[in-house]
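**Q** Take a look at this one; I'll ask things after.
Residue numbers (the UniProt record's numbering): 1 to 242.
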């Protein structure tokens with residue numbers, strides 16, 4: 001995965017609240033620093049009734065992509081399909097999202113599509129009435145996936161399950177640790193050793209609270225060349241710091 005990825009890239013996670021939005025912003029910042037035109041697409045934003053900044057708001061604040069759009073938003077903090085049902089709103093249709101991403105890909109070098117929750121969370125409905133997931137979206141687009149994972153206990157199982165589901169669908173994938181602690185413990189170092197073969201980045205805990213200029217200057221140092229960063233040997237890095 002040393003060659004930089006271009007076109008559509010799906011950003012998913014092993015769970016909710018693992019750092020997908022800040023990782024999306026970091027990839028955006030690194031790619032734009034490399035001269036790419038970047039679009040960010042959020043198919044379904046939920047929990048808007050809280051009044052908190054949306055994921056697109058956060059990406060705009062941290063990385064200011066050329067384009068950033070939310071296709072549908074729902075008040076309740078649920079999976080997008082469930083949130084649409086509760087709100088009696090139109091659910092996201094898979095090929096509407098595919099067409100929107102492809103339209104952005106014609107105008108940008110990189111299109112980052114941020115999912116909701118984990119890989120198999122129901123996002124909306126197909127024309128047949130069946131639910132679709134972020135995994136289905138990646139397959140339909142022929143896009144690789146960035147899997148955002150936790151650093152702590154439980155991450156190995158969750159990450160392995162997510163990578164296995166992607167591999168079964170022939171979707172190339174790399175892992176980014178969403179929040180590497182300032183004071184890592186034994187479990188974090190042990191997990192890092194096992195995650196390294198699939199890693200394409202790791203963000204420091206609290207990266208999303210950085211001043212935007214600092215965030216943008218720092219982002220390439222958190223990512224490997226596959227995501228327009230400068231880290232090129234995670235194995236050596238992991239050995240050196242232990």
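Even for Gly, the Cβ is constructed at its ideal location relative to N, Cα and C.
Checking 8 angstroms against the spacing of the C-beta atoms, do residue 63 and residue 21 come in under that value?
**A** Sequence index remark: in the chain shown, residue 63 carries index 63 (1-based). Sequence index remark: in the chain shown, residue 21 carries index 21 (1-based). It is not a contact, given that the beta carbons lie outside the stated cut-off.
**Q** Tell me whether residue 241 sits in a helix, a strand or coil according to DSSP, three-state version.
**A** As a working mapping, residue 241 is identified with position 241 in the chain shown. The predicted position of residue 241 is uncertain, since its pLDDT is 47 and thus under 50; a value taken from the coordinates is nonetheless stated next. Looking at residue 241 - three-state DSSP - the assignment turns out to be helix.
**Q** So what does DSSP say about residue 226, is it helix, strand or coil?
**A** What you label residue 226 is simply residue 226 of the chain shown in a count that begins at 1. The answer is helix: DSSP assigns residue 226 an H, G or I state.
**Q** List the whole-angstrom C-beta distance separating residue 111 from residue 7, where the pair is believed to meet the contact cut-off of C-beta under 8 angstroms.
**A** Indexing the chain shown from 1 puts residue 111 at position 111. Indexing the chain shown from 1 puts residue 7 at position 7. With 8 angstroms as the limit, residue 111 and residue 7 qualify as a contact, their Cβ atoms being about 7 angstroms apart.
**Q** So, with DSSP's three-state summary, where would you put residue 160?
**A** The residue you call residue 160 lines up with position 160 of the chain shown. The answer is helix: DSSP assigns residue 160 an H, G or I state.
**Q** Can you give me the C-alpha to C-alpha distance between residue 65 and residue 232, rounded to a whole angstrom?
**A** Counting from 1 along the chain shown, the entry for residue 65 is found at position 65. Counting from 1 along the chain shown, the entry for residue 232 is found at position 232. Answer to the nearest angstrom: the Cα atoms are 25 angstroms apart.
**Q** Can you tell me which of the three DSSP states residue 110 falls into?
**A** Mapped onto the chain shown, residue 110 falls at position 110. In the structure shown, residue 110 sits in a strand (DSSP, three-state: E or B).
**Q** Here's the rule I'm using: 16 or more other beta-carbon atoms within 10 Å means buried, otherwise exposed. How should residue 95 be labelled?
**A** The count along the chain shown starts at 1 and reaches residue 95 at position 95. Classification for residue 95: exposed.
**Q** Would you identify the three-state DSSP class for residue 192, choosing helix, strand or coil?
**A** Start at 1 with the first residue of the chain shown, and residue 192 comes out as number 192. Residue 192 falls in the helix class under three-state DSSP.
**Q** Quick one: what's got a C-beta closer than 7 angstroms to residue 57's C-beta in the same chain, skipping five residues either side?
**A** For this step, residue 57 is matched to residue 57 along the chain shown. None.
**Q** Straight-line CA distance for residue 189 to residue 153?
**A** By 1-based counting over the chain shown, the position of residue 189 is 189. By 1-based counting over the chain shown, the position of residue 153 is 153. Each residue's Cα considered, the two are about 11 angstroms apart.
**Q** Quick check on residue 289: buried or exposed, where buried means 16 or more other Cβ atoms within 10 Å of its Cβ?
**A** Summary: the structure shown does not reach residue 289, with the chain confined to residues 1 through 242, and so no result is reported for it.
**Q** Please specify which runs of the beta strand (DSSP E), each continuous and at least 3 residues long, are wholly inside the segment 10-68, giving them in chain order.
**A** Entirely contained in the segment 10-68, the beta strand (DSSP E) runs reaching 3 residues are, in chain order, 38-45.
**Q** In three-state DSSP terms, what is residue 204?
**A** Sequence index remark: in the chain shown, residue 204 carries index 204 (1-based). Reduced to three states, the DSSP call for residue 204 is strand.
**Q** Which residue's Cα is closest to the Cα of residue 60: 229, 208 and 226?
**A** Position 60 of the chain shown, counted from the start, is the residue given in the question as residue 60. Residue 208 is the option with its Cα nearest to residue 60.
**Q** Please classify residue 55 as buried or exposed, where buried requires at least 16 other C-beta atoms within 10 Å of its C-beta.
**A** The count along the chain shown starts at 1 and reaches residue 55 at position 55. Buried: at least 16 other Cβ atoms inside 10 Å.
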